[in-house]
Every structure is written in C-alpha cells, then in structure tokens.
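Engineer: Quick mapping for you: the protein sequence lines, in order, are chains U and E.
For the first sequence, this note's numbering begins at 21 and goes up steadily by one.
For the second sequence, this note's numbering begins at 21 and goes up steadily by one.
For each residue, glycine too, the CB sits at the ideal point set by N, CA and C.
Protein chains: 2
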Amino acid sequence: MKRISLLGATGSIGRQTLAVVREHPDQFAITAFAFGENVEAALPLIREFKPILVSVKNKSVAERIKNELSGRTKIVYGREGMIEAAVHPDSDVLINAVLGSIGLEPTLAAIEAGKTIGLANKETLVTAGHLVMERARQSGAEILPVDSEHSAIFQSLQGQDRSAVSRLILTASGGSFRDRRREELAGVTIADALRHPNWSMGAKITVDSATLMNKGLEVIEAHWLFGMSYDKIDTVIHKESIVHSLVEYTDHSLIAQLGLPSMLVPIQYALTYPKRLELKQTKRLNLEEIGTLHFQKVDKRRFPCLSLAYEAGRTGGSMPTVLNAANEAAVEAFLSGRIAFLDIEPLVEAALEHHQRIKKPDLRAIEETDRLARYFVETEIEKKSRGG
Amino acid sequence: MKRISLLGATGSIGRQTLAVVREHPDQFAITAFAFGENVEAALPLIREFKPILVSVKNKSVAERIKNELSGRTKIVYGREGMIEAAVHPDSDVLINAVLGSIGLEPTLAAIEAGKTIGLANKETLVTAGHLVMERARQSGAEILPVDSEHSAIFQSLQGQDRSAVSRLILTASGGSFRDRRREELAGVTIADALRHPNWSMGAKITVDSATLMNKGLEVIEAHWLFGMSYDKIDTVIHKESIVHSLVEYTDHSLIAQLGLPSMLVPIQYALTYPKRLELKQTKRLNLEEIGTLHFQKVDKRRFPCLSLAYEAGRTGGSMPTVLNAANEAAVEAFLSGRIAFLDIEPLVEAALEHHQRIKKPDLRAIEETDRLARYFVETEIEKKSRGG
C-alpha cells in the first residue's frame, strides 16, 4: 500500500491522480489532500478518499469546510498547511500537482523529509532546479516525473546505459494554433487558444502549449531531471501526441514511449514505478487505426517562446524564474482578456531583457525574482493600456 | 575485451558483425571464424581478424585455405568443425549467423558450454525452441537476439516490469511486393523479389520478407525468446522500418525501439549489452526528415504464410520445423527458377497438412522432420513439373 500526499487535488492532474487511486484501492491511499478554494469540487473527493489531513488556501476556506467534515479530518491552511500536507509522516509519496511557483516550497520540504516525489509542478524544476536536484542528491529522495514527456523519457531510460545517452527528444503537439501562421494569430480569442487538439488540460498549460512555452519549460525541466546539457535536448512537432518522447543513444538506437494521450499513464507509472499495474480507464493504442504519425521541425521563429526558454536555460541562474513568472503573468493577462495572444511572447522577452541575472539564487532570491518579473509584466501591460 | 566465435562470417550478418568488431578493436576480438566455401571472401577477413580457429564446410575447402594461411591458424571443417568453433574455450560469445537449420547444433553446444549467444539464426528457435530454451535455463546461458525486431523487443523490455507485458508488436516492412495485390504476383521474377525497399539482406530472407514468412518465423522466435503466448504477439505493417518493434504493457504504455534500418545496431547491442557503444558507421535517425511513419493492418489473406506460421507455432511440436524446412526448400526452388513465387505458399501449406505432428521432438526427430519436409516439397515440385 502506497500512501499519498496529493497537492492540487482538485486540478486536472489532481483529479486524474485520484482516478488512478480509485482504480486501485488495494494499492494506494490518500493520506493528505491539498487544494485551493474549490470547496464544491473538493468535498465529495475528501468524503470519498478520507484523507487524514486536508490543506486549503486560507483560513476562511478552512472554516467553510470544517463545518462540512467530520471532526476526524485535520484541516490546515496556507503555505504552512501545504508543507504539512507534503511531509505528512504517514505518507510515502508526494504528488505535487499544484500550479505555479507555490509548488516549490512543499517539494523542497518533502525532499528533506526523504519522500518520493511525483512532480507535476513544472515550476519547481524550472525556477529552482539547481536547489531541488542538489538537495535530492543529498537526501536520496527520488524525483519521478508525472507529465507525459518526462515520464516517457524516464521510461525510455530504464534499464539502459545512462552513460550512452546522446539526446533527449521531446515531442510537442504544436498546440491549438499549430497549423496557423504567425500573422494569423493576431485576433485569436481565449476560446480558440483553449481548444487543444489532443490533450484536455488546464487553461494555463493549454495556452503555454499554443506558444510552445510549455515545451520550453519542459526542456528546462528535462535538463535538471536527467542531468542533460541543453545541446542534447531537442524538440520535434508530432501532432498526434502518440510518441510521448524519445531517448537517443550513442549507437543511434532510440527508445521511445508511446500511447494514446492520457495523463493517467504517467501518473500511475510514478506511483507504481518500477512496477506497472493495469489501467483499465485508458484505451489501448492501435497503431493500425492511427495509421500515420507525423513529425516536423519546430519553426523557432514561429514559436519564439521555445528559443527564449533555451536561452534562459542556458544562461541559467535566475533567468528561468523570470521566464516562468513573466509567462505566468502574461498568460493570466491574456486569459482575463487584458492582452492579446501575440502580446505574451514580447512581454516574456522584455522581462528577460530587463532582468539582471543572479548566478545561484537561493529560495528567497527566486521568490523575489519571481515577484519582480510579474510586477514588470503588469507594469508593461498597464503602460500599454494607458498608451492605447 | 569480448572474444567472439562467429559462425557464418562471410554472410550478410557475419560481415556486419566484423564491421562492428572493426570499429571497436579495443573491445572485441574474433577467436573463431566459421564460413562455408566462399574462400575469396573469407581469406582477407581471416587475415584481418586473425582468428585462432577457422571452420569451413568440408575437407576440400579446408585444404584450399590451409595453403593460404600461416601455420598458426587451426583449420577444421564440417559439422564437428562448426561445433568446435562455437564452443572454443577462448571465446566468450557465440554469434550464430549461419543460415538454415545447420545452425541448431552449434547453438546447443554453446549453450551447454555456458557461452552467451547472439542469435541471428532463426531456425534455431523456430525448429527447436523448446529444447534450446530449456537447456539455456538449465545452463544459465544468455540468448540475445541479433535481428532487428527481437533486439527492439529485447531493448524495450530492459528495466521494465516483465510481469506487466501485455503484448509484443513486431513491425513488418511488407517486403518487396507490399503494394501489389495477390493477383499481381503471378509472374514476378527473382530479381523483383530481391528488391527489398528498406533492408539489404541475403536472398532467402528477402524472399521470406515478401511472403511475410520472415515475420511468421519471427513470431515463433519471439514466442520462445520472450516466453509469450501467440495470442500476445501481434504484427503490424510499417513500411518505413523505423520503429523496429514495440512492447505493450498492462498500463497501455508502449516502449519501442527506433532507428534507421541497420543490422549493425542490433548486432552491436548483442555484443555490448547491457552497455552501449558509439556506432559511427550508422546514421542518426532524423524524424523531422522522415516526416511520416505509416502503420497498417496485416492482411492475412494477402500473406497466408503469416497465418501458417501462427498455426504451426500454436500447434507446436514438430510443426514449426516443417514450416521452416518446407519454406526453405520452396524458396530455394523459386530462387533457382524452378517454381513461381506464388507456388511457395501452397507448397508450405501442403507440407504442413501432410505432416503428422510429433509432440516433443528431440534433435534427431527434428532433423528427420526437416529432411522429410524438404523431400515432400521436392517431390511435389517434381510431380508438378512432370504433370506440366
């Protein structure tokens, strides 16, 4: 029986983690359950999975659910609450599926507590890869990827000669606007951007998928997760999202992981690794039915965010934090209708240009950098809206 | 330094094995070298690789090369000679790349001697899988696949949960006549049949590739090599021969091995396993350049040999020996211009129908079955030519 702390339980990955747990009640249990403020979604799940501890966004949400739950569930909140959930002594694994940079601290705490970590929170590695990986080495905590590309790479590295890896190849669907030229993106709506061809995901990540920033963040994650230099990480457009990523070895052999697009597979693999379990909720891939798999070069001029990410990754230090925070702020502004889709990229680029790199930022410097990058983006947006 | 006994040194796989050895003179050496009668091809290779022992087809070939080589090379011949080469005390690995059922005895001898065996000889497992695998279990000898599909499966099983394998999927190029309908095959020539779209191989295997008998034999090999029931072995037409085969797991995740078509990769992997080495002679796969990978259902009516192979495999006992021997005899007859391409399949089918299955044939019964199946095919061909 694996006992799980789940952060971000009501989000897309969180709910799918619970679906995996639901399929295997003899294998998995939820010890701690953290969500933000979506009480309506959370209550039935808490009743179903009966965690010992529940952590929520703030005191008022805590008060609201206290009345709804039996006295046996401990309810905590805020930053400390989420950390308490992450390091709960009765849990073996942390699945960190919160969105954004608030996912970082609980990860670090769980690493120090020696937990196995299933990481779905991109920002943890993007903004603090140097801290996270160093502390994981020290504590011996295992970090297992939960998203589909890194899980594919992780699966394709098992039992293989790690010293003979020559390249990681991340596949990218190309997102909602793959087949449109840049000029055609000027007036796209939020609804357009959220119509992803293959994956059903949260709004932020769907937009990131359309700008390829998502792939850029994944390149930085892969750099840290697998200890690969940026020169050895490539991306390729693969519109069917069937080949989830590949590892090339020095003998020119490639190992790849394939399957129909489903987050359930990488989530479950992180929970069962190195074993596997049946997964009845997912469908078998039938290559004969799919018929054709397409691969295509990424046009980096069409998708400038990918180049920005490589550049931020290579420069290192606090640059990836700026990349991520500026992007979060810009996407948020787009999703709230304040800027156009094509404004996202120049805002991120401007934030990177504006920033003075800190070489080895500690947690505090990362937080400060994050805050300043968001502030910069907000200020730019305001300037522009006043100007217009 | 791995010391190698190489059987079938002047054939296609043999020469490619030597090419791998040539690239890594610090890693590999040839201890024993067996070939048939192609003295012209063999002599320069013997001079280059300086084996301790050379085995040839018969006494007269032995006499011919004795005069050409220095006194330090031991020269042996015939069945005993090949076995002596296979079990040479100074060799660690046997690469068995002889064609046809004469490859069986040396494999068994090497298994008993506890050698690691790189198996490129299909007939060994097809005709005597039950004997070979049982003896390998007893002696602890490792059997590593050398052909591209089984190597792909073997690579895709590394580090994975063997108890969670749900299916092996062998890819098939479809061979020289993939895009022709059955009716269009009536008058095809030997030259047509030998024009394989992706792989440069020997004549026999190229014809087997066009009838899909090659895939059928591989299904039987996979059954023995990986201990999988026939219900869990599938085939799919994949005309680019880039995805060399796949393994499906119970969580609907698939692991696959990919690369440009080259036998050098599986040959070298069998020699370096579980490590990998650079392989400069091969080219890097560039998926963006390939662009498209196609997958298509195998039409078993179009390719009856595949169904015959599944049936022979499922029935078991001496049936796969009949399948293989009848096919060898029929393909030989086609390649010598005595029968038409479309005569191959009915001859194999007739031989299978004619045969009375022996449930657990020993080596002698396998040899006898092999002989009788060939005799049956020859007789049928004669009958027909007399009749016509």
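Closer than 8 Å, CB to CB, is residue 256(U) near chain E or not?
Structural biologist: The count along the first sequence starts at 1 and reaches residue 256(U) at position 236. So yes, residue 256(U) belongs to the interface.
Engineer: In three-state DSSP terms, what is residue 270(E)?
Structural biologist: Looking up residue 270(E) in the second sequence gives position 250. Reduced to three states, the DSSP call for residue 270(E) is coil.
Engineer: From the DSSP output, in three-state form, read off residue 72(U) for me.
Structural biologist: Start at 1 with the first residue of the first sequence, and residue 72(U) comes out as number 52. In the structure shown, residue 72(U) sits in coil (DSSP, three-state: anything other than H, G, I, E or B).
Engineer: Given residue 269(U), which residues of its chain have a CB within under 8 Å of its CB, disregarding the five upstream and five downstream residues?
Structural biologist: What you label residue 269(U) is simply residue 249 of the first sequence in a count that begins at 1. Correct list, in chain order: 180, 181, 184, 185, 186 and 275.
Engineer: Let me see if you follow: with CB-CB separation under 8 Å, is residue 69(E) close to chain U or not?
Structural biologist: Numbered from its first residue, the second sequence carries residue 69(E) at position 49. So, not an interface residue.
Engineer: Residue range of the alpha helix (DSSP H) that residue 399(U) falls in?
Structural biologist: Translated into the one-based positions of the first sequence, residue 399(U) becomes position 379. From DSSP, the alpha helix (DSSP H) with residue 399(U) extends over 383–407.
Engineer: Please say whether residue 382(E) and residue 341(E) have beta carbons closer to each other than 8 Å?
Structural biologist: As a position in the second sequence, residue 341(E) is number 321, starting the count at 1. As a position in the second sequence, residue 382(E) is number 362, starting the count at 1. Contact: no.
Engineer: For residue 181(E), would you say it is in contact with chain U, using Cβ-to-Cβ distances shorter than 8 Å as the test?
Structural biologist: Translated into positions along the second sequence, residue 181(E) becomes position 161. Interface annotation, residue 181(E): in contact with chain U, CB-CB separation under 8 Å.
Engineer: Does residue 42(E) have its Cβ less than 8 Å from a Cβ in chain U?
Structural biologist: Against the second sequence, residue 42(E) aligns to sequence position 22. Between residue 42(E) and chain U, the shortest Cβ-Cβ separation is not below 8 Å.
Engineer: Run through DSSP, which three-state label would residue 155(E) get?
Structural biologist: As a position in the second sequence, residue 155(E) is number 135, starting the count at 1. In the structure shown, residue 155(E) sits in a helix (DSSP, three-state: H, G or I).
Engineer: Consider the Cβ of residue 184(E): report whether some Cβ of chain U lies at a distance smaller than 8 Å.
Structural biologist: Here residue 184(E) is taken as the residue at index 164 of the second sequence, counted from 1. Yes, because at least one Cβ of chain U sits closer than 8 Å to the Cβ of residue 184(E).
Engineer: Counting only C-beta atoms, is residue 271(E) closer than 8 Å to chain U at any point?
Structural biologist: By one-based count along the second sequence, residue 271(E) stands at place 251. Answer yes: the Cβ-Cβ gap between residue 271(E) and chain U drops below 8 Å somewhere.
Engineer: Quick one: which chain U residues come within Cβ less than 8 Å of residue 311(E)?
Structural biologist: Position 291 of the second sequence, counted from the first residue, corresponds to residue 311(E). 314, 315 and 316, listed in chain order.
Engineer: Contact criterion: CB-CB distance below 8 Å. Does residue 403(E) meet it with respect to chain U?
Structural biologist: Indexing the second sequence from 1 puts residue 403(E) at position 383. No - not a single Cβ of chain U is within 8 Å of the one on residue 403(E).
Engineer: If I follow the unbroken alpha helix (DSSP H) through residue 334(E), where does it start and stop?
Structural biologist: Residue mapping note: residue 334(E) aligns to position 314 of the second sequence, counting from 1. 324–335 is the extent of the alpha helix (DSSP H) around residue 334(E).
Engineer: In angstroms with no decimal places, state the Cα-to-Cα distance between residue 360(E) and residue 245(U).
Structural biologist: Reading the second sequence from its first residue, position 340 is the one you call residue 360(E). Reading the first sequence from its first residue, position 225 is the one you call residue 245(U). Approximately 58 Å, taken between the alpha carbons.
Engineer: Compute the Euclidean distance between the alpha carbons of residue 87(U) and residue 93(U), then round it to the nearest angstrom.
Structural biologist: Looking up residue 87(U) in the first sequence gives position 67. Looking up residue 93(U) in the first sequence gives position 73. So the alpha carbons of these two residues sit roughly 11 Å apart.
Engineer: From residue 114(E) to residue 305(U), what does the alpha carbon distance come to, in whole angstroms?
Structural biologist: Here residue 114(E) corresponds to residue number 94 of the second sequence, with the count starting at 1. Here residue 305(U) corresponds to residue number 285 of the first sequence, with the count starting at 1. Approximately 37 Å between the Cα atoms of the pair.
Engineer: Name the two residues that bound the continuous beta strand (DSSP E) containing residue 318(E).
Structural biologist: Against the second sequence, residue 318(E) aligns to sequence position 298. Careful: residue 318(E) lies outside any beta strand (DSSP E) and carries neither H nor E.
Engineer: If residue 277(U) sits next to residue 273(E), beta carbons under 8 Å apart, how far is it from one beta carbon to the other, in whole angstroms?
Structural biologist: What you label residue 277(U) is simply residue 257 of the first sequence in a count that begins at 1. What you label residue 273(E) is simply residue 253 of the second sequence in a count that begins at 1. Residue 277(U) to residue 273(E), Cβ: 6 Å. Contact.
Engineer: Any beta-carbon of chain E closer than 8 Å to the one on residue 140(U)?
Structural biologist: In the first sequence, counting from the first residue as 1, residue 140(U) sits at position 120. For residue 140(U), the answer is no, since every Cβ of chain E falls outside 8 Å of its Cβ.
Engineer: In chain E, what lies closer than 8 Å to residue 289(U) by C-beta?
Structural biologist: Numbered from its first residue, the first sequence carries residue 289(U) at position 269. Residues of chain E passing the Cβ test: 271 and 273.
Engineer: Considering only residues of the same chain and omitting the five flanking positions on each side of residue 108(U), which have a CB-CB separation below 8 Å?
Structural biologist: The sequence position of residue 108(U) within the first sequence is 88, counting from 1. So the qualifying residues of the chain are 25, 51, 52, 72 and 73.
Engineer: Below 8 Å between beta carbons is the criterion; list the residues of the region 292–311 of chain E that meet it against any residue of chain U, in chain order.
Structural biologist: 292, 294, 295, 296, 297, 298, 299, 302, 303, 304, 305, 307, 308, 310 and 311
Engineer: Let me check understanding here. Comparing Cα to Cα, which of 102(E), 29(E) and 101(E) lies closest to residue 68(E)?
Structural biologist: Counted from its first residue, the second sequence places residue 68(E) at position 48. Nearest C-alpha to residue 68(E): 29(E).
Engineer: Determine, using beta carbons only, whether residue 43(E) and residue 301(E) come nearer to each other than 8 Å.
Structural biologist: By 1-based counting over the second sequence, the position of residue 43(E) is 23. By 1-based counting over the second sequence, the position of residue 301(E) is 281. Yes; because the gap between Cβ atoms is below 8 Å, this pair is in contact.
Engineer: Does residue 285(U) have its Cβ less than 8 Å from a Cβ in chain E?
Structural biologist: The residue labelled residue 285(U) in the question sits at position 265 within the first sequence. Yes, residue 285(U) counts as interfacial toward chain E.
Engineer: So with Cβ pairs under 8 Å, would you call residue 276(U) a contact of chain E?
Structural biologist: Here the question's residue 276(U) lines up with position 256 in the first sequence. Answer yes: the Cβ-Cβ gap between residue 276(U) and chain E drops below 8 Å somewhere.
Engineer: Which residue marks the beginning of the beta strand (DSSP E) containing residue 115(E), and which one marks its end?
Structural biologist: By 1-based counting over the second sequence, the position of residue 115(E) is 95. Residues 113–116.
Engineer: For a test of the three-state rule: what should DSSP assign to residue 107(E), helix, strand or coil?
Structural biologist: Here the question's residue 107(E) lines up with position 87 in the second sequence. Note: residue 107(E) maps to coil in three-state DSSP.
Engineer: Give the range of the alpha helix (DSSP H) segment to which residue 250(E) is assigned.
Structural biologist: Position 230 of the second sequence, counted from the first residue, corresponds to residue 250(E). That residue, residue 250(E), is in no alpha helix (DSSP H); it is neither H nor E in DSSP.
Engineer: What does DSSP give as the partner residue(s) for residue 296(U) in the beta ladder?
Structural biologist: Sequence index remark: in the first sequence, residue 296(U) carries index 276 (1-based). DSSP lists no partner for residue 296(U).
Engineer: Grab the span of the alpha helix (DSSP H) containing residue 366(U) for me, first residue to last.
Structural biologist: Residue mapping note: residue 366(U) aligns to position 346 of the first sequence, counting from 1. Start and end: 364–374.
Engineer: What residues match up with residue 190(U) in a beta bridge as DSSP calls it?
Structural biologist: For the purposes of this step, residue 190(U) is taken as residue 170 along the first sequence, with counting starting at 1. Residue 190(U) pairs with 255(U) and 265(U).
Engineer: With a cut-off of 8 Å, do at least 3 Cβ pairs link the region 192–209 of chain U to the region 150–159 of chain U?
Structural biologist: no
Engineer: Assuming residue 379(E) is part of the alpha helix (DSSP H), what are its boundary residues?
Structural biologist: Sequence index remark: in the second sequence, residue 379(E) carries index 359 (1-based). That residue, residue 379(E), is in no alpha helix (DSSP H); it is neither H nor E in DSSP.
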